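Report on one structure; see the data block that follows.
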Amino acid sequence: MAVLEAKNLGIAFGGLRALQDVQFSIGEKEIIGLIGPNGAGKTTVFNLLTDVYVPTEGTITLENQNIVGKKTYQITQGGISRTFQNIRLFKDISVIDNVKIAMNFQMKYSVLSGIFRLPAYRREEERVDKRAHELLQVFNLDEKSEDLAKNLPYGQQRKLEIARALATNPKVLLLDEPAAGMNPTETKELMETIRLIRDRFGIAILLIEHDMNFVMGICERIYVLDYGKVIAEGNPEEIRNNPRVITAYLGGE
Amino acid sequence: MDLLAQVFNGLGIGSIYALVALGYSMVYGIVQLINFAHGDIIMVGAYVTYVGLVMAGMPLWAAVLVSILFCGVAGVLIEKLAYSRLLKKGAPRISLLITAIGVSIFLQNLSQLLFSSSAKSMPAMFPNGMLELGALQISSNTILNIVTSIVMMIALQLLVNKTKIGKAMRATSEDAGAAKLMGINTNSTIAFTFGVGSALAAVGAVLYCNTFHQITPYMGGMLGLKAFVAAVLGGIGSIPGAMLGGYILGVAESLTTAAGGSQITDAVVFGILILVLLIKPAGLLGKNVREKV
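Shown next as structure tokens:
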């Protein structure tokens, strides 16, 4: 069964149709790649999925519920979480609080019990604190939990973004160029981490990436976007040999 | 000893500035808006206290509580009615600023309509006596002001740093777009910030009434401006900074008056602001943030 499904998805900015008739579906625990040349509309797809832009046509369903028209924070609470192409951590906030902020909506206590530190406050804070540390441990960030996010090296900031996205308890995790700026060793490590995330958290992952070794190595299925349309879909082998994909990337004669 | 007594007097007045400055600072921190209507919230708080205490004959605690709640709700309403749409549509800062001035004028005229423009006198609210510490004499009201402001600042620090709504506030202030994507309802977080800021202004209003015993529809003007100066002086966006700025202003005023310069207190206050900003443009405790270009 599909966890996340898009049908006839399209958006126009003025006269420019950035996306047209985009269809895809993501099953449980699948790792799906979204590739395409620069400007094909990959990040726009992510922005539509999270209500940063509102689609001009089409539907998006998360576990059979239409999410078009829902607010961004409601979509996140409903189970879609993402990272960004250019890192957008809360820079002047500690590593652990970055993660806790993403768990904010799961905490149930009133402002008053927060001010007066009633048992409800303590119980919830302890629970979240424990889970946040567990998440950081998965990414080997626990030792730096009190550092400010901006003081982490680049690779760890990328990891923290993923940890923060996971903290919202997503059903689908969207990763926008997770391997950008990483060296081959780090990329390899990241592939393992992503598989680990899928197995450990049991979630589906949709990722945008330009590093073809990375995409081909980790994704079970791949969608290829070009000029705002899906031009191919299939497993890595099929995509590699698809003439339309080759033309889109290398240009036709 | 006379000097020390004047310093305490200054801290007492400064506490009122500080409480109001907190509101300026919090709202600026979260939406980068100088909410010029904030000064008039003090006036609203003062009149609500007056209505409760004098006109309706409520007991003191009830009048104070009603005033704080009323201002909190008023703050949320002002945000929802006047600013929320502008913020959502990404309106330029100048539109927000003009709206704030509009709200300020509206509040002044509304209270003039309801209560006339002549001053109302407030009865003494808390018993006032002189505390003698050796040769030093301090009025109990001064102590009350200082203690209240410190308690409020600590409570606010705990709220911002230790609770979930505080985390939501910090996240929204850093990157509202990313905060939404982390499941935070930024609109209600912003409204909450306005509410808390306005409730603090009401506390300031009660202390003001207790100290000066006279209220007018225009009292928020100068008081608001000075609190704004305090917030900028301390580093706008910083909670301890707002407090520090308020205290410095109060002490500077009180010392100037004591030195026989009561005519030029305002000049001194603004002079200090200019001097500090020349040396430390981000304010005393403000962070040097370079705006993204």
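As given, the protein sequences belong to chains U and B, one line each in that order. Counting from 443, one number per residue, gives the positions in the first sequence under our numbering. Counting from 747, one number per residue, gives the positions in the second sequence under our numbering. Every residue, glycine too, gets a C-beta built ideally from N, C-alpha and C. Because the structure is a prediction, the values reported are computed rather than measured.
{"query": "Own chain partners of LEU843(B) with C-beta closer than 8 angstroms, once the 5 adjacent residues on each side are dropped", "result": "LEU779, ILE780, PHE782"}
{"query": "Residue-level contact to chain B via CB, ARG524(U), 8 angstroms cutoff", "result": "yes"}
{"query": "Which listed residue (MET898(B), SER850(B), VAL822(B)) has its alpha carbon closest to that of TYR763(B)", "result": "MET898(B)"}
{"query": "Residue of ILE474(U), GLY469(U), ARG459(U), MET443(U) minimising C-alpha distance to VAL666(U)", "result": "ILE474(U)"}
{"query": "Three CB pairs or more closer than 8 angstroms across the region 940-954 of chain B and the region 838-853 of chain B", "result": "no"}
{"query": "Start and end residues, alpha helix (DSSP H) containing GLU631(U)", "result": "626-643"}
{"query": "LEU1021(B) Cβ short of 7 angstroms to the ligand COA heavy atom set", "result": "The ligand COA is not part of this structure, which contains no ligands at all."}
{"query": "Where LEU594(U) falls, given that 16 or more other Cβ within 10 Å makes a residue buried", "result": "buried"}
{"query": "Chain U within 8 angstroms of ARG916(B), Cβ atoms only", "result": "yes"}
{"query": "Stretch pair the region 976-985 of chain B + the region 1020-1029 of chain B: three plus CB contacts closer than 8 angstroms", "result": "yes"}
{"query": "Backbone CA spacing between GLY670(U) and ASN684(U) [nearest angstrom]", "result": "18 angstroms"}
{"query": "Extent of the continuous beta strand (DSSP E) run through GLN465(U)", "result": "458-469"}
{"query": "Local conformation of GLY875(B) per DSSP, three classes", "result": "coil"}
{"query": "Separation of GLY923(B) from ASN450(U), as counted between CA atoms", "result": "26 angstroms"}
{"query": "Chain U contact for ALA922(B) (CB, 8 angstroms cutoff)", "result": "no"}
{"query": "Three-state secondary structure (DSSP) of TYR669(U)", "result": "coil"}
{"query": "Of the residues ASN855(B), ILE759(B), ASP748(B), the one placed nearest VAL893(B), counting alpha carbons only", "result": "ILE759(B)"}
{"query": "Reference SER536(U); option with closest CA among GLY597(U), ARG606(U), GLN519(U), GLY483(U)", "result": "ARG606(U)"}
{"query": "Close Cβ partners of CYS955(B) (< 7 angstroms) along its chain, the five nearest in sequence each way excluded", "result": "ALA792, THR795, MET868, MET871, ILE961"}
{"query": "8 angstroms Cβ cutoff, LEU927(B) in contact with chain U", "result": "yes"}
{"query": "Residue-level contact to chain B via CB, ILE502(U), 8 angstroms cutoff", "result": "no"}
{"query": "Under 8 angstroms by beta carbon: chain B residues contacting ARG530(U)", "result": "ASP921, GLY923, ALA924"}
{"query": "Alpha helix (DSSP H) runs contained entirely in the region 780-850 of chain B, provided each spans 4 or more residues", "result": "784-796, 806-824, 830-834"}
{"query": "Nearest-angstrom Cα separation, counted from MET965(B) out to PHE940(B)", "result": "20 angstroms"}
{"query": "Proximity below 8 angstroms, CB of GLN903(B) to CB of ALA751(B)", "result": "no"}
{"query": "Inter-residue Cα distance where the pair is LYS482(U) and ASP668(U)", "result": "A quick correction: the sequence has Ala, not Lys, at residue 482(U). For ALA482(U) and ASP668(U), the distance between alpha carbons rounds to 5 angstroms."}
{"query": "Three-pair Cβ contact test at 8 angstroms for the region 676-692 of chain U versus the region 489-505 of chain U", "result": "no"}
{"query": "Whether LEU815(B) touches LEU806(B) by CB criterion (8 angstroms)", "result": "no"}
{"query": "Interface flag, PHE547(U) vs chain B, CB-CB below 8 angstroms", "result": "yes"}
{"query": "Residues that DSSP places opposite ASN508(U) in a beta bridge", "result": "THR503(U)"}
{"query": "Buried versus exposed call for VAL1039(B) [16 or more other C-beta atoms within 10 Å across all chains shown]", "result": "Bear in mind that the predicted position of VAL1039(B) carries a pLDDT of just 43, short of 50, making it unreliable; the figure below should be weighed with that in mind. Answer is exposed; the Cβ neighbour count stays below 16."}
{"query": "Length-filtered (4 minimum) alpha helix (DSSP H) runs lying within the region 886-921 of chain B", "result": "886-908, 910-920"}
{"query": "Buried or exposed (CB count within 10 angstroms, at least 16 for buried), ARG530(U)", "result": "buried"}
{"query": "Cβ pair count under 8 angstroms reaching 3, the region 612-625 of chain U against the region 514-527 of chain U", "result": "yes"}
{"query": "Under 9 angstroms from the C-beta of GLY556(U): neighbouring residues of chain B", "result": "LEU904, LEU905, LYS908, THR909, LYS910, ILE911, GLY912"}
{"query": "Member of ALA448(U), GLN465(U), LEU560(U) whose CA lies at the smallest distance from the CA of GLN507(U)", "result": "ALA448(U)"}
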